[in-house]
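Q: Starting off with a structure, shown below.
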Amino acid sequence: MTTTNPDVNQTGASVGRIVLGGMLGVFVFDAVGSFAAKGLGFAYSLLIPGSLLIYGTVAAMVARRRDWAMGLLAATLLALTDVTLGWAVSWLIGPGKPESGLTPMTVVGGGMAAFVLGGLAGGVGAWIGARKGRASLL
Numbered sequence: 006m007t008t009t010n011p012d013v014n015q016t017g018a019s020v021g022r023i024v025l026g027g028m029l030g031v032f033v034f035d036a037v038g039s040f041a042a043k044g045l046g047f048a049y050s051l052l053i054p055g056s057l058l059i060y061g062t063v064a065a066m067v068a069r070r071r072d073w074a075m076g077l078l079a080a081t082l083l084a085l086t087d088v089t090l091g092w093a094v095s096w097l098i099g100p101g102k103p104e105s106g107l108t109p110m111t112v113v114g115g116g117m118a119a120f121v122l123g124g125l126a127g128g129v130g131a132w133i134g135a136r137k138g139r140a141s142l143l
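Numbered per my numbering, the sequence shown spans residues 6 to 143.
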């Protein structure tokens, strides 16, 4: 016979899995997209909408279970993963190397772009998820 511990936040555990899954999803998307961009010869930057879709979807899923701010935070964590591990994997594969080389401005600009776009996609996704509300999960 199994019992549920009332002190364990089931929603929190679920949110953690969603965020980790999203981080993994962004990383895999960057890797697969890098191979595709290199092999097919298209601009790696064309993959930005796909990343934003992942940010927004994860933000909506988290906000639906918690609230808007947690959804936005989840999207920010995905953007951080994208601008660090995602950029690193795309750099190693090839298309993530900036033509001008790696300069402080390249790093700062890439980071700012990821967080601004991630915040926008996350904010919209979290708004949609929060509107659905936690009550619909019951």
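Glycine included, each C-beta is placed from N, C-alpha and C at the ideal position.
A quick note: this is a predicted structure, and the numbers were derived from the prediction, not measured.
If you run the structure through DSSP and keep just helix, strand and coil, what is Thr108?
A: Three-state DSSP puts Thr108 in coil, outside helix and strand.
Q: To test your reading of the DSSP string, which unbroken alpha helix (DSSP H) runs of 4 or more residues are found completely within the stretch 60 to 86?
A: Qualifying alpha helix (DSSP H) stretches, in chain order: 73 to 86.
Q: Would you mind stating whether Gly27 and Gly38 have Cβ atoms separated by less than 9 Å?
A: Not closer than 9 Å, so no.
Q: Only counting the same chain, and skipping five residues up and downstream in sequence, which positions put a Cβ closer than 6 Å to that of Met86?
A: Contrary to the premise, residue 86 reads as Thr rather than Met in this sequence. Correct list, in chain order: Met28, Val31.
Q: Give me the Cα-Cα distance between Ile23 and Leu57, rounded to the nearest whole angstrom.
A: Roughly 16 Å separates the two Cα atoms.
Q: According to the neighbour-count rule (16 or more other Cβ atoms, all chains shown, within 10 Å of its Cβ), is Thr111 buried or exposed?
A: Label assigned to Thr111: exposed.
Q: Suppose the cutoff is 8 Å on Cβ atoms and the five residues either side in sequence are ignored; what does the same chain contact list for Ser105 look like?
A: Hits under 8 Å: Thr111.
Q: Considering only residues of the same chain and omitting the five flanking positions on each side of Pro11, which have a CB-CB separation below 7 Å?
A: Below a pLDDT of 50, predicted positions are generally treated as unreliable, and Pro11, at 41, falls in that range; the measurement from the model is reported next regardless. There are no such residues.
Q: Just to confirm my understanding: we take Ala135, look at its own chain, exclude 5 residues before and 5 after, and list those with CB closer than 8 Å. What are they?
A: Cβ neighbours of Ala135 beyond the five flanking positions: Ala68, Arg69, Asp72, Trp73, Gly76.
Q: Residues in its own chain within less than 8 Å of Trp96 by CB, not counting five upstream and five downstream?
A: So the qualifying residues of the chain are Lys102.
Q: Span of the alpha helix (DSSP H) holding Ser95?
A: It spans 92 to 98 - the alpha helix (DSSP H) in which Ser95 sits, taken as one unbroken run.
Q: Would you identify the three-state DSSP class for Phe32, choosing helix, strand or coil?
A: Here Phe32 sits in helix by DSSP.
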